[in-house]
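S.K.: One structure, as structure tokens, below. Some questions next.
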Amino acid sequence: MLPMSLAQIAHLLDGQIHGRGDVQITSVALDSREVEPGSLFVGLIGERVDGHEFAADAAARGALGMLGQRPDPALPSIVVADPVAALAKLGKACRQQSNALVLALTGSNGKTTVKELVAAMLANAAPTLATMGNRNNHLGVPQTLTRLRPEHRFAVIEMGANHPGEIAGLAELAEPHIGLVTNAAEAHLEGFGSLDGVAHAKGELFDSLGGDSSAIINIDDRYARLWQEKSAAAGRTISFGRSAAADVRWRNQGEELEIYLDGCWQSTPTALLGEHNSANACAAAACAHTMGVPAEQIRAALAQVRAPQGRLQPLPGLRCRMVIDDSYNANPASLEAALAVLEQIVGEKWLLLGEMAELGADSPAWHRRAGELARAAGVARLWTLGRKAALAAESFGAGGRDFADPDSLLVACREELPAQGVVLIKGSRTAGMERLVAALSENTNTTAQGGQ
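Heads up: the sequence shown is residues 1 to 452, going by UniProt numbering.
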């Protein structure tokens, strides 16, 4: 567990050290722009960029060492054949030195929202580590594990995947005590092949659980039975959902969210939009309660929570009454949930839609379906960006329009958006729809994702 000397890390990773080994490493950075004083900078080689070239920049920002495939004179270096595998090994070692109670969660939709909710509930009880942003892949998970410290009583580790076997590998690193799958939906179909493939891949998390672990299962999901079978080795299974058969249940009562815990209903106001977010809150409550947080603390945390950036976040509009920022990502299920929210809001409804990525051979059909769903939800205008998204505008009919680039779309928005209108902005990460949010809303968010 960090801090460790560079020599200790080199020994752990079977790496060759070049330069001083006595420097104390306190954090791990995968991006030179995120380096802190005391960081170990990991020089990753990507398709377009060689991270080793940023060693001098990392040193200038306070890095004390580098992990890479070759040494650099700017920093004491640990040389290994595979920096990605070495990072995983370091993360696993930090996890094994921790006494924290670890929750791992995955799912097609809602995992980041649930992660933020659970972290808020746990942080009120004891020191808690949670995945930062959306760092949920083979790089982000081990990096998160290196942030574990002796004072952490809880850890919330988000896991994402776009192909089979990935969740199993991440679970092997994190060794969770509690596992949650939020749901299975049509996302990353190119990698998984089918919805069944998605469900089995997400269920790899339950495969990893042993007799002293707990599985938290969405009883309303069509794959609940599969996940119950996969979690047979877990010592305890807790179900959540709207169904009366669920151990932890939810229902909406006007603007109040009610969650059934400890044999009674807990009522709380919530700023989260949509029934899918009520389900997310219920999932978070089930996790936190399983980890020992009292029902009253869970209720209090839910009353204070706000929507994470880019996930159905209502913002004041510059050219319209409201912008709903759902730009973080998009797939058919999350679009349908967002449209259900939009349908309930008073005002002329617009949808600015970017492409939904990784839908495989059925992508054209899903995009055409998006246009039909928008029309059924009472959307007045559906404007799109991207060749695939253009199919949604086409199937939408009158009021549908495709744009060649964001600039031309923004010009049209500034000319035509109604003052009392409500605009939903949604698309996959690759669509870059957050640029439209920034241009059309009084957006006070300052957190940016991404980097070198």
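Each residue gets a CB set at the ideal place from its N, CA and C atoms; glycine is no exception.
Predicted, not measured: the structure shown is a model, and the values here were computed from it.
(1) Return yes when at least one heavy atom of the ligand FAD lies under 8 Å from the C-beta of Met121, else no.
(2) Does the structure place the region 274-284 close enough to the region 138-149 that three or more beta carbon pairs sit under 8 Å?
(3) Taking residue 512 as the reference, which of Leu352, Ile219, Met4 and Thr182 has the closest Cα?
(4) Using 10 angstroms around the beta-carbon of Glu372, count the other beta-carbons present and answer buried if the total reaches 16, otherwise exposed.
(5) Following the continuous beta strand (DSSP E) through Leu424, name the residue where it begins and the one where it ends.
(6) Among the residues of its own chain, which have a CB less than 6 Å from the CB of Thr446, if the five just before and after it don't count?
(7) Buried or exposed for Pro308, going by 16 or more other Cβ atoms inside 10 Å?
(8) Taking the CB atoms as reference points, tell me whether His163 and Pro127 lie closer together than 9 Å.
(9) Can you give me the Cβ contacts of Ser32 inside the same chain, cut-off strictly under 7 Å, excluding the 5 residues immediately before and after it?
(10) Quick one: give me the first and last residue of the alpha helix (DSSP H) that Met121 is part of.
(11) Which word fits Ala130, buried or exposed, when buried means at least 16 other C-beta atoms lie within 10 angstroms of its C-beta?
(12) Around the Cβ of Trp227, are there at least 16 other Cβ atoms within 10 angstroms (buried) or fewer (exposed)?
(13) Where does Ser267 land, buried or exposed, given buried means 16+ other C-beta within 10 angstroms?
(14) For Ala271, which residues in the same chain have their Cβ closer than 8 Å to its Cβ, ignoring the five residues on either side in sequence?
(15) Identify the continuous alpha helix (DSSP H) that holds Ala86 and give its terminal residues.
(16) Can you tell me which of the three DSSP states Ala155 falls into?
(17) Comparing alpha-carbon positions, which option in Ile298, Val80 and Trp383 lies nearest residue 461?
(18) Hey, how far is the Cα of Val323 from the Cα of Leu257?
(19) So, at 7 Å on beta carbons, what are the nonlocal neighbours of Ala125 in its own chain, with the 5 sequence-adjacent residues on each side left out?
(20) Should the region 62-75 be regarded as contacting the region 163-175, the criterion being three or more beta carbon pairs within less than 8 Å?
(21) Touching or not, the region 359-372 and the region 386-398, by the rule of three or more beta carbon pairs under 8 Å?
(22) At what residue ranges does the region 284-356 contain a whole run of the alpha helix (DSSP H), taking only runs of 4 or more?
(23) Using 8 Å as the Cβ pair cut-off and three pairs as the minimum, do the region 197-208 and the region 243-253 touch?
(24) Just the C-alpha distance for Arg321 and Asn134, rounded to the nearest angstrom, thanks.
(25) By Cβ distance below 6 Å, which residues in the same chain neighbour His177 in space, the five residues on each side in sequence not counted?
(26) By a C-beta neighbour count over all protein chains shown, 10 Å radius and 16 as the cutoff for buried, is Ala337 buried or exposed?
(27) DSSP three-state call for Asp72: helix, strand or coil?
(28) Take the Cβ of Gln16 as the centre, count every other Cβ of all protein chains shown within 10 Å, and call the residue buried at 16 or more, exposed below.
(29) Any contact between the region 339-349 and the region 109-123? By contact I mean 3 or more CB pairs, one from each, below 8 Å.
(30) Where does Glu158 land, buried or exposed, given buried means 16+ other C-beta within 10 angstroms?
(31) Do Leu180 and Gly107 have their beta-carbon atoms positioned less than 9 Å apart in this structure?
(32) Starting from Cys282, follow its DSSP beta bridges and name the residues at the other end.
(33) Could you give the first and the last residue of the continuous alpha helix (DSSP H) run that contains Gly169?
(34) So what does residue 487 bridge to, in DSSP terms?
(35) Measuring CB to CB, does Asp326 end up less than 9 Å from Leu424?
(36) Suppose the cutoff is 6 Å on Cβ atoms and the five residues either side in sequence are ignored; what does the same chain contact list for Met433 look like?
M.R.: For this structure:
(1) No copy of the ligand FAD occurs in the structure displayed, which carries no ligand at all.
(2) no
(3) Lying before the first or after the last residue shown, residue 512 is absent from the chain, which here runs from 1 to 452.
(4) By 1-based counting over the sequence shown, the position of residue 372 is 372. Counting Cβ neighbours within 10 Å, Glu372 comes out exposed, since fewer than 16 surround it.
(5) Taking the sequence shown and counting its residues from 1, one reaches residue 424 at position 424. Per DSSP, Leu424 belongs to the beta strand (DSSP E) from Val422 to Lys426.
(6) For the purposes of this step, residue 446 is taken as the residue at position 446 of the sequence shown. With a pLDDT of 36 at Thr446, under the threshold of 50, the modelled position of this residue cannot be trusted; read the value that follows with caution. So the list is empty, once near-sequence residues are dropped.
(7) As a first step, residue 308 must be located in the sequence shown, where it is residue number 308. Counting Cβ neighbours within 10 Å, Pro308 comes out buried, since at least 16 surround it.
(8) Sequence index remark: in the sequence shown, residue 163 carries index 163 (1-based). Sequence index remark: in the sequence shown, residue 127 carries index 127 (1-based). Taking 9 Å as the Cβ cut-off, His163 and Pro127 do not qualify as a contacting pair.
(9) Here residue 32 corresponds to residue number 32 of the sequence shown, with the count starting at 1. Within the same chain, Ser32 has close Cβ partners Phe41, Phe54, Asp57, Ala58, Arg61 and Gln452.
(10) Here the question's residue 121 lines up with position 121 in the sequence shown. Looking at the DSSP string, the run of the alpha helix (DSSP H) that includes Met121 is Lys111 to Ala123.
(11) Residue mapping note: residue 130 aligns to position 130 of the sequence shown, counting from 1. Under this definition Ala130 is a buried residue.
(12) Within the sequence shown, numbered from 1, the residue matching residue 227 stands at position 227. Its Cβ being crowded by 16 or more others within 10 Å, Trp227 is buried.
(13) Here the question's residue 267 lines up with position 267 in the sequence shown. With fewer than 16 other Cβ atoms within 10 Å, it is exposed.
(14) For the purposes of this step, residue 271 is identified with residue 271 of the sequence shown, where counting begins at 1. Same-chain partners within the cutoff: Val305, Arg306 and Ala307.
(15) Within the sequence shown, the letter at position 86 stands for residue 86. Note, Ala86: alpha helix (DSSP H), Pro83 to Gln96.
(16) Counting from one through the sequence shown, the residue named residue 155 turns up at place 155. In this structure, Ala155 counts as strand in the three-state DSSP scheme.
(17) The question about residue 461 has no answer, for the chain in this structure spans 1 to 452.
(18) Here residue 323 is taken as the residue at index 323 of the sequence shown, counted from 1. Here residue 257 is taken as the residue at index 257 of the sequence shown, counted from 1. For Val323 and Leu257, the distance between alpha carbons rounds to 23 Å.
(19) To locate residue 125, count along the sequence shown from 1; it is residue 125. Excluding positions up to five away in sequence, the list reads Val293 and Gln297.
(20) no
(21) yes
(22) 295-304 and 332-343
(23) no
(24) Along the sequence shown, one-based indexing puts residue 321 at 321. Along the sequence shown, one-based indexing puts residue 134 at 134. Distance between the alpha carbons of Arg321 and Asn134: 29 Å.
(25) Locating residue 177 in the sequence shown gives position 177, counting from the first residue. Excluding residues within five positions, the ones whose Cβ falls inside 6 Å are Leu101, Val102 and Ser213.
(26) Residue mapping note: residue 337 aligns to position 337 of the sequence shown, counting from 1. Counting Cβ neighbours within 10 Å, Ala337 comes out buried, since at least 16 surround it.
(27) For the purposes of this step, residue 72 is taken as the residue at position 72 of the sequence shown. Asp72: strand per DSSP, three-state reduction.
(28) The count along the sequence shown starts at 1 and reaches residue 16 at position 16. That one is exposed.
(29) no
(30) As a first step, residue 158 must be located in the sequence shown, where it is residue number 158. When all chains shown are included, Glu158 counts as buried.
(31) Looking up residue 107 in the sequence shown gives position 107. Looking up residue 180 in the sequence shown gives position 180. Yes.
(32) The residue you call residue 282 lines up with position 282 of the sequence shown. Its beta-bridge partners do not exist; DSSP assigns none.
(33) Against the sequence shown, residue 169 aligns to sequence position 169. Gly169 -> alpha helix (DSSP H) spans Glu166 to Ala174.
(34) In this structure the chain extends from 1 to 452, so residue 487 is not present and cannot be described.
(35) What you label residue 326 is simply residue 326 of the sequence shown in a count that begins at 1. What you label residue 424 is simply residue 424 of the sequence shown in a count that begins at 1. Yes.
(36) Stepping through the sequence shown from its first residue, residue 433 is reached at position 433. Same-chain partners within the cutoff: Ser327, Gly354, Ile425 and Gly427.
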